[in-house]
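Structure first, then comments.
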Amino acid sequence: MQVERIVYAGQAHEQRLADGARAGISIGDGTGTGKTATLAGIILDNWFQGRMRAVWFSVKADLIEAVSDEFKRLGLTPPIKLINDFPTDREIDIEDGIVFCTYRSLIARSKKGNKRLDQITRWLGPSGVVIFDEGHKAKYAFADDRGKSTQTGAAVLEIQNPERFPDVRVVYSSATSAGEVRHLAYMSRLGLWGTGTNFPIGFEQFAEEIESGGVGALEMVCRDLKAMGRYLCGNLSMGTDPESGLSVEFREVIHKLTPAQRRMYDNMAQGR
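Counting in the numbering used here, the sequence shown runs from 17 upward without gaps.
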């Protein structure tokens, strides 16, 4: 399953969108399917082809340990450094490897005004790999409920800018890619809107027309992305393995809340 995703990622990155930018791929596999192994495999595939720099965006800094362990399991351990190891006013001083960065760190800047985003893109180079793990954290790249894009969303779009960074190899990974159409805004490398598409004006036009079509229209978008090899989505089977004869077993456990737990839940629900 992971190998299939690695192959499709390589194929997607060889394609160009109408604006000249390199196409990306979205991996929407469910929990437990090995997305970390898939993402590590994509980086290694590029590594063996001479592209030895990658940036891995994630939600928590301590997840770098899980990523490091996955590379060890795969038999190759490229240098993996946390972005906070490098002061924002200086350059990233590792020759090759992986820079692990949280979405919060992506929008940081120094007292002198130097942006972490600029530091990262200078080091990454023109054709490095960009992994957006748990990419739904940037879902408000277009606008949130108040009509404003978040700083994180804007930064995620900037690192994919087709004019500044047309050759970066983008991978989106999230088990909950898009609950709403507008949450797709950060996936600008899938070729859903813009020049050469049915929505040339941009994401706003795409969002309005797909939203007017309801859930069915969003499902058609996913279908078309799968047909193009730019969206892959799978889940663990709950059936019986034909080779071993083993099947998934589970049991329901009912937890009775204590009075203290009920009060805690009620207070949180009421915003206290």
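By construction, the Cβ of each residue, glycine as well, lies at the ideal position given by its N, Cα and C atoms. Small disclaimer: the values here were computed from a predicted structure and weren't measured.
Within a Cβ cutoff of 7 Å, which residues of the same chain sit near residue i, ignoring the five residues on either side of it in sequence?
| i | result |
| --- | --- |
| L252 | G46, G48 and T49 |
| D149 | L55, W72, F73, S74 and S189 |
| V197 | A223, I226, E227 and L234 |
| A124 | T104 and R132 |
| L79 | none |
Since residue i and residue j are thought to touch, with beta carbons under 8 Å apart, how far apart are those beta carbons, to the nearest angstrom?
| i | j | result |
| --- | --- | --- |
| T118 | K76 | 6 Å |
| L173 | S42 | With 8 Å as the limit, L173 and S42 do not qualify as a contact, their Cβ atoms being about 15 Å apart. |
| A257 | R38 | The question names Ala, yet the displayed sequence has Asp at residue 257. So it is not a contact: roughly 38 Å between Cβ atoms. |
| T192 | H152 | 5 Å |
| V231 | L208 | Not quite, the Cβ-Cβ distance comes to about 17 Å (not below 8 Å), so this is no contact. |
Give the single residue among the options whose Cα lies nearest to the Cα of residue i.
| i | options | result |
| --- | --- | --- |
| G91 | K272, V83 and L98 | V83 |
| A276 | I270, A233 and M284 | M284 |
| V145 | V187, G218 and C238 | V187 |
| F181 | L200, P142 and E150 | P142 |
| G210 | G36, Q27, G232 and E20 | G36 |
| S263 | G255, H29 and V269 | G255 |
| E30 | N214, L206 and D78 | L206 |
| V23 | T166, N130, L33 and R246 | R246 |
| V19 | P178, K51, R32 and Q221 | K51 |
| P178 | Q27, A28 and R32 | R32 |
Under 6 Å Cβ to Cβ from residue i, same chain only, skipping five residues before and after it: list those, please.
| i | result |
| --- | --- |
| A154 | T168, G169, V172 and Y202 |
| N130 | T104 and D105 |
| A34 | T211 and G212 |
| Q221 | F215 |
| P95 | I110 and G113 |
When burial is assigned at 16 or more other CB atoms within 10 Å of the CB, is residue i buried or exposed?
| i | result |
| --- | --- |
| D134 | exposed |
| H271 | exposed |
| A233 | exposed |
| V115 | buried |
| F219 | buried |
| I217 | exposed |
| G40 | buried |
| R185 | buried |
| S260 | exposed |
| A28 | buried |
Would you say residue i and residue j are within 7 Å of each other, going by their C-beta atoms?
| i | j | result |
| --- | --- | --- |
| A25 | I58 | yes |
| W63 | I147 | no |
| I175 | W139 | no |
| K97 | I110 | yes |
| R67 | L248 | no |
| S121 | I136 | no |
| E81 | A53 | no |
| R69 | D101 | no |
Here's a check: name, in chain order, each residue in its chain whose Cβ is nearer than 8 Å to the Cβ of residue i, leaving out the five neighbours to either side.
| i | result |
| --- | --- |
| G250 | M17, D45, G46 and T49 |
| L273 | Y281 |
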